[in-house]
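Heads up: the structure comes next, in structure tokens.
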Amino acid sequence: MSPTAPELTDRPRIWACGISRLSDLFLDIAAEYNDRAELRVITRGFEDIVREIEAAGTERPDVVVAGGSNGAYLKPRLSLPVVVINPTGFDVMHALARARRDAESVALVTHGDTPEEVRRFVAAYGMDVVFASYTSRQGAESCVLDLRDRGVGVVVGPGLVTDLATQAGMNAVFLYSRDSVRAAFDTALEVVQATRRETLRRQRLDNLLQHLRDGVVALDGQGRVEAINQRLATALGIEAKQAIGQPLLSIAPSLLGLLPDADGDTLGTVRGVNYVIHRGPLTSTGAGATEGTVFTFQESRAVERLDRTLRSRQRPQQFSARYRLEDLVGESLPMERVRTLVRRYAKSDATVLVLGESGTGKEMVAQGMHQLSARRDFPFVAINCGAFPEALLESELFGYEEGAFTGARKGGKTGLIEAAHRGTLFLDEIGEMPLPLQSRLLRVLQEREVVRLGSTEPTRVDIRVMAATHRALTDAVEAGTFRADLYYRLNILSIALPPLRERPDDVMPLAAELLVQAARREPRLLLRIADTEEAARVLAGIAEPLRRYAWAGNVRELQSVVERIAVELAYTEDASAVTQDVLRLIAPEVFAGATPGKAAVLTLRERSRGVEAEEIRAALAAHDGDRDAVCAALGISKTTLWRRLQAG
């Protein structure tokens, strides 16, 4: 019998392991988690942590939080979860900005290879940064000394690197922020809760199996029967009491060739009844040493139904809607129309198709609709159909049984369709779904049942489906890349989201809200920009160019510009407002690609043949030569763009 798992309400035990600056940061933040976890700061690293955890016995932590080099060392050496702190792009940007105030020559040192997205992020801001990496303490020492010899003035990196840089007489900037440490602690809490839920699930399954009186036999190391329940004894046609101490295969020769040789499951037929025969170790409660083997015989169909029922009742923490309709910013008439439709459609259970360009907030609308619906207390499961290859998308959506394909997880996996049971399934970029999967999805919509890969038994599901796309699905239907019958099943209710360029009155309220969100992540701005009223005052000087810009990337592009503004405000002394000169410096595309507003954009689309070559060149410069973005901003086709460039 496995030990009793901690209750979900018990506070998780977290050890935060690090030295020097990181341990100081741990200590500063630890008090914030006193009501949620037993958080202990361990000011040691590497093998010292391993020894301390091994010596802790029953007091060992549920999860360990550590920096990059410590985390990489601990993961293969510990049997418990290790959460590695990951600095965000803004951590990197803030640290480099601080470093640039002290010296022109700056190096960014990371554990392992510097992520490509970090390199692109730094390049996007035109920073001249030396990239270096290490995989061990000795490597970090060599790296720092090499940078010093090359004349680097300031080193940006984790605690080990900054300590070594200081010892070498160099200036150093610590890479980790309070937010990245909080994010790691939050992840650690989620990991513990998920582990406990899975442990409780297994215990419930064991209890249910006992109530179902499945056959159970325990064997010692020599294969002799130590215990057998009456259910299995009856199934084998033997006397339970006489079986004790006897070799199982000698008293039940019908089991020859049926019992699995290794831990795991197999199928077998005993006296005309199909069973799932499971083999597991019989361990000592105290030492955990294997003393024998336990076989359980469970009627196969009952086990399949039971396991699926338990899995469907598990609600993964990530399957929830974060946004409400109130989070949709904008008071323009088009957005009021969207809100009206969301409230109306939330009362229905019909399928909804959300249409809109990238960055217009399609998933936010879907989440808001789910929060207003009768399914609000059940999962909201979202998947981007264009983010996975066909085979992986199929297994994610429909799930699979154990052994369905090479590499399939032991015990199989619940698909996202099953995970959304009684809730909402949101299929983003539905237009990218491969045709073969469209057929399977259509059957789910029609029959409200799903069949896992490798299985023949359908599972009933009660779900509401919402889908979103930036493509014209009618064109895809005509081209034969999207099934017409699926389109009609999806397009029962429809909401079209207006692009930002068609609602310029919403630009400044959106920008103010985004600036407040950015200020909450930046301590230097937290007191200066506490609400949208203050943010609007700070942004008032740049309202005109922001309203006039075409915003090909919609709210996502606006958020990028606002994040740049926030960084500029945070590191500019006495900056109480943003000027157009500042905006021109940090976001020149707003001026190069500005348009007179909605009416002018529509005029360009209506008279695409008259677009002048110099306007196109200006747009190309603003969008760094991205012709797709230029065509979207000007409302012209690629053919027209090519022809006008040739003519000019």
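Residue 729 in our numbering sits at position 541 of the sequence shown, and the numbers go up by one each step.
In this text, a Cβ means the ideal position worked out from N, Cα and C, and glycines have one as well.
What separation, rounded to the nearest whole angstrom, lies between the Cα atoms of residue i and residue j?
i	j	result
Arg752	Glu666	43 Å
Arg209	Asp814	43 Å
Ala225	Leu377	8 Å
Arg172	Gly314	Missing from the structure shown is residue 172; the chain here goes from 189 to 836 and no further.
Met621	Ala655	11 Å
Tyr737	Arg564	37 Å
Gly403	Val542	52 Å
Arg735	Arg531	28 Å
Arg677	Ala575	23 Å
Thr350	Val361	7 Å
Ile774	Cys819	23 Å
Pro275	Ala371	10 Å
Arg744	Asp449	56 Å
Arg689	Thr302	37 Å
Arg265	Val238	7 Å
Ala718	Leu703	10 Å
Lys786	Asp694	Bear in mind that a pLDDT of 40 at Lys786, under 50, signals an unreliable position, so the model cannot answer this.
Leu685	Ala254	43 Å
Leu443	Leu437	6 Å
Val553	Glu524	12 Å
Val342	Ala291	6 Å
Leu529	Arg384	41 Å
Glu235	Thr354	24 Å
Ser211	Ala218	10 Å
Glu329	Ser293	19 Å
Arg527	Gln555	12 Å
Glu519	Leu713	26 Å
When the distance is taken between beta carbons, is residue j closer than 8 Å to residue i?
i	j	result
Ala740	Ala707	no
Ile683	Val540	yes
Val344	Ala287	yes
Ala534	Leu516	no
Tyr364	Leu213	yes
Leu771	Pro711	no
Leu424	Gly480	no
Arg325	Leu348	yes
Phe614	Val569	yes
Gly603	Leu630	no
Ser583	Leu641	yes
Val251	Gly259	no
Leu346	His299	The amino acid occupying residue 346 in the given sequence is Pro; Leu does not appear at that position. Yes, these two residues count as a Cβ contact at 8 Å.
Leu674	Gln626	yes
Ala765	Ala817	no
Val332	Pro200	no
His558	Thr612	yes
Arg467	Gly452	yes
Gln418	Ala431	no
Taking all protein chains shown into account, decide if residue i is buried (16 or more other Cβ within 10 angstroms of its Cβ) or exposed.
i	result
Arg459	exposed
Ser536	exposed
Glu800	Because the pLDDT of Glu800 is 49, which lies under 50, any placement of that residue in the model is unreliable, and the number read from its coordinates should be weighed accordingly. So Glu800 counts as exposed.
Ala204	buried
Asp279	buried
Gly357	exposed
Thr767	exposed
Phe319	exposed
Lys550	buried
Pro624	exposed
Glu590	exposed
Arg691	buried
On the DSSP bridge assignment, give the partners of residue i in chain order.
i	result
Phe568	Thr612
Lys601	Tyr588
His466	Asp453 and Thr484
Asn359	Val342
Glu226	Arg201
Asp408	Gly480
Ser682	Leu541
Arg648	Glu637
Thr657	Leu543
Gly403	Phe485
Ile416	Val405
Ala254	Cys205 and Val272
Pro435	Arg412
Val461	Val458
>> Ignoring anything shorter than 3 residues, give me the beta strand (DSSP E) runs that lie fully in the stretch 258-337, in order along the chain.
In response: Taken in chain order, the unbroken stretches of beta strand (DSSP E) that lie wholly in the stretch 258-337 and span 3 residues or more are 270-272, 294-299 and 317-322.
>> Threshold first: 4 residues or longer. Then list the alpha helix (DSSP H) segments lying entirely within the stretch 672-759, N to C.
In response: Correct list: 672-678, 695-708, 711-714, 720-727, 731-736 and 742-758.
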